[in-house]
Each structure stands twice: as structure tokens, then as C-alpha cells.
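In what follows, a structure is listed as C-alpha cells, so that the remarks can point back to it.
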Amino acid sequence: MPRLKKTLKMRALVNNVITLLEPYCSSHPDPKSFPPDPEQTFLLGNRYADYALAFGFALLFPLLRSLLRTIIYEPTGKYFMSRALPKGVKAIDSDKIRKWNESSWKLTIYIFFTTFAFLVSYKEPWFTDTRYFWLGCTHFPPCNMFVKKGVLLFYCVQTGFYLQAIHFLAFHEVRRKDWLESMIHHVVTTFLLVYSYYVNFTRIGIMVMLLHDISDIFLEGAKLARYCKQQSVALIAFILFFVSWVVCRLVYFPLVIIRSTLAEPMTLVGRPYGIDPMPHYAIFNGLLLVLLVLHIYWTWLILQVLILAIKTSAQNGDVREGDVGDDKED
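Using UniProt numbering, the first residue of the sequence shown is number 1, and each one after it goes up by one.
Structure follows, in C-alpha cells:
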């Protein structure tokens, strides 16, 4: 009985949210005027084989990272940072080299995934119209929506990256002030990738990942510029980072993506086809809201850095990723 009451309260809350958001959604066509999509497709025949492929990518990423560190990141870091050393200082601090290697790797990854996500999605109708995240789905779970191979491959590669990223954050990377928040972010993102692949929310999932990777390109670029003592370049990159962060994570993400996930699955799939989306509706939106809370927290920290940087005409650090025990670095 208590569980039934809790379920009824949850359904009432969902209906209230949908009623509140529905006026702000795009005008809805008749979902039944769209022919049902074929069943979900997979890269290797079934989702579990695709999960195994993602795990294979997770094993390959550390090898690629080590290779790039040896042949590109470390040599270029030593070259550029040695030119910025004060007179009388001949050796580059090993921690600086380690941070340079980390930022170089992250910059490479964010550029790669941003480009990958854009190329496989920009021609799709759901890239600009959130209704197409859901139209064509006639039964659930999983949604019977066709997904192109490029999107599926992106999912497998990105899932593999975050699986190994959790390990590296826990045991190898520089421990920073927001280590716990970063770990929560990595775990939630990994679960979102695996879960959205399982229920076939891949269309909206790739848009979430695209929005999250764009701004970090500028952040890692700002760090590399600062390590080379190019303070003006670092400040410009940091301002671009902040602007893109606000636009992508604090405006577009909640007002377009989360608005869609809260209202449109019910108005375009649930009600027309008599589908009960629970508990998946609550799980998916709950995870997205956790990410939004992290964004708001990090924005408060980033604002401190931006104000300090503007006042001093130099970027003195990234509070969001400050190192433990060294408040003046990163």
C-alpha cells in the first residue's frame, strides 16, 4: 500500500510537470501520423555485443593516451614551457609536465568527440527539432527508433572513454579540489550512456554529450596557454569557455534538452500509445538533473576565476579543477 501511494504521487507529479511545460513545447503533430520506426539497430547484432565493444575501446584508450604522451604531448610541452622559464631556471617542474600531458589529452579528446558528434548528427531532423527525439517511437522500452551506425559507433567509443576515465580519475590523474564532483559526473555520465543505449534514447543522448564537450575545448586550451605563460591567450580562451559553458550547459541544456525529456516523451509517445514510461522517465530525467546541479555548482566556482582573471588581466587558475594543496594552480 505505501508503495502504491508513492507511485500515485510520482505520477501526479509527472502530470503536473507536463502540464506546466506543455505550453513551452513546440506545437505537436499527431504522433500517429508518423509511421512507426523499425526496431532498434545495433553495431554487432545486439546491445550486449555493443557493450563489449565499448569495453574494448576502454582498454584501447590508455594505450592511445600513453602513445600520444610519449611522441607528442611531452616533447611539445617541454619545448614550449622551457621557452617560458624564468632566467636562471633550467628544469621544468615535473608536476607541470604532468598537467600539460593531462590537458593535452583532454583537449584532443574533446575536439575528437565534438567533431564526431556533430558530423553524425547535424543533418538529422532531431538536431534542430526536439520532437524528433521521440516521434516514431510506438512502444517502450526500448523505443523502436532507427539509429544510424555513426551514432551507435559514437556511443560505443564515448562509453569506452568514460569507463577508462573513471579509472584514471581515481588512480592516475592529479587530485583536484572538485575530485568528488568530477567522479560523480563521470559515473553519472557513464550510467547515462549505458542506460540511454539500453532504452534507445540515443538521439537525445548524443546531443547531451555534444553540449557537454564543446566548452571544455576552450578550458583545456586556456590551461595549455597558461602553462606557456601566454596570459592574454589564456584569458581570451577562458572567456570563450565561460560564454560557451553558459550557453550550452545553463541555457540550452535545461531549456531545450531537459524541457524535452520532461514533457515530450509523454505528449508524443506516452499518451498517444498508452505507454507507461515509469520508472525510466524518472531515472533518465533524474540523472540529467544531477548533471544540471553540477553545472550550477561549477559555474559558481568558474565565476570566481573569471572575476579574478579580469581584475588582474591574467588567468590565475581554474577553481573548478584546482589541485588539492595548491590553490594557485589549475
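C-beta atoms are modelled at their ideal positions from N, C-alpha and C, and glycine is treated no differently. From a predicted model like this one, the values you see are computed outputs, not experimental measurements.
- Task: Please report how far the alpha carbon of I310 lies from the alpha carbon of K223, in whole angstroms.
- Result: Computed Cα separation, rounded: 16 Å.
- Message: Please classify W300 as buried or exposed, where buried requires at least 16 neighbouring CB atoms within 10 angstroms.
- Response: Exposed, because fewer than 16 other Cβ atoms sit within 10 Å of the Cβ of W300.
- Output the distance between the C-alpha atoms of G56 and D50, rounded to the nearest integer angstrom. Straight through space, the alpha carbons of D50 and G56 are spaced by roughly 10 Å.
- Message: Assuming Q158 and L193 are in contact, meaning their beta carbons sit under 8 Å apart, how far apart are those beta carbons, in whole angstroms?
- Response: The C-beta distance from Q158 to L193 rounds to 6 Å, short enough to meet the 8 Å contact threshold.
- Query: Does the count of Cβ pairs from the segment 129 to 137 and the segment 261 to 274 closer than 8 Å reach three?
  - Reply: Enough Cβ pairs lie closer than 8 Å, so yes.
- Task: For Y122, count neighbouring C-beta atoms within 10 Å of its own C-beta (all shown protein chains included) and say buried if the count is 16 or more, exposed if not.
- Result: Exposed.
- Query: Can you give, in chain order, each stretch of the alpha helix (DSSP H) that sits fully within the segment 61 to 125 and has at least 4 residues?
  - Reply: Those alpha helix (DSSP H) runs which fall completely within the segment 61 to 125 and span 4+ residues are 74 to 83, 94 to 121.
- Compare the C-alpha of S260 against each of L288, P272, I236, I72 and name the closest. Nearest neighbour of S260 by Cα position, chosen from L288, P272, I236, I72, turns out to be L288.
- Task: Check each candidate in E173, M145, F118 and name the one with the smallest Cα separation from P62.
- Result: Nearest Cα to P62 within the set E173, M145, F118: E173.
- Task: Could you tell me how far apart the beta carbons of residue 342 and F161 are, in whole angstroms, since I believe they sit closer than 8 Å?
- Result: This structure does not reach residue 342, given that the chain is present from 1 up to 330, and the question cannot be answered.
- Message: Considering just the uninterrupted stretch of the alpha helix (DSSP H) at T190, what are its terminal residues?
- Response: Membership of T190 in the alpha helix (DSSP H) is indicated by the continuous run 179 to 199.
- Task: Give me the Cα-Cα distance between N316 and I97, rounded to the nearest whole angstrom.
- Result: Only weak support exists for where N316 lies, its pLDDT of 47 falling under 50; the coordinates are left without a value.
- Message: Considering just the uninterrupted stretch of the alpha helix (DSSP H) at W245, what are its terminal residues?
- Response: Per DSSP, W245 belongs to the alpha helix (DSSP H) from 231 to 245.
- Task: With a 10 Å radius around its C-beta and 16 neighbouring C-beta atoms as the bar for buried, classify I71 as buried or exposed.
- Result: By the neighbour-count rule (16 or more Cβ atoms within 10 Å), I71 is not buried but exposed.
- Message: Taking only three categories from DSSP, how would you classify R175?
- Response: When DSSP states are grouped into helix, strand and coil, R175 belongs to the coil group.
- Around the Cβ of S303, are there at least 16 other Cβ atoms within 10 angstroms (buried) or fewer (exposed)? Here residue 303 is Leu; the residue named in the question, Ser, does not match the sequence. Looking at its Cβ environment, which holds fewer than 16 other Cβ atoms inside 10 Å, L303 is exposed.
- Message: Quick check: T138 and Y281, are their CB atoms within less than 8 Å of each other?
- Response: No Cβ-Cβ contact shorter than 8 Å links T138 with Y281.
- Task: Please go through the segment 241 to 285 and give each complete alpha helix (DSSP H) segment of 4 or more residues, from N-terminal end onward.
- Result: 259 to 265, all fully within the segment 241 to 285.
- So does the segment 195 to 206 actually touch the segment 145 to 153, counting three or more Cβ pairs closer than 8 Å? In short, these stretches touch, since the Cβ pair count reaches three.
- Query: Could you give the distance in angstroms between the alpha-carbon of Q40 and the alpha-carbon of Y48?
  - Reply: Between the C-alpha atoms of Q40 and Y48 there is a straight-line separation of about 13 Å.
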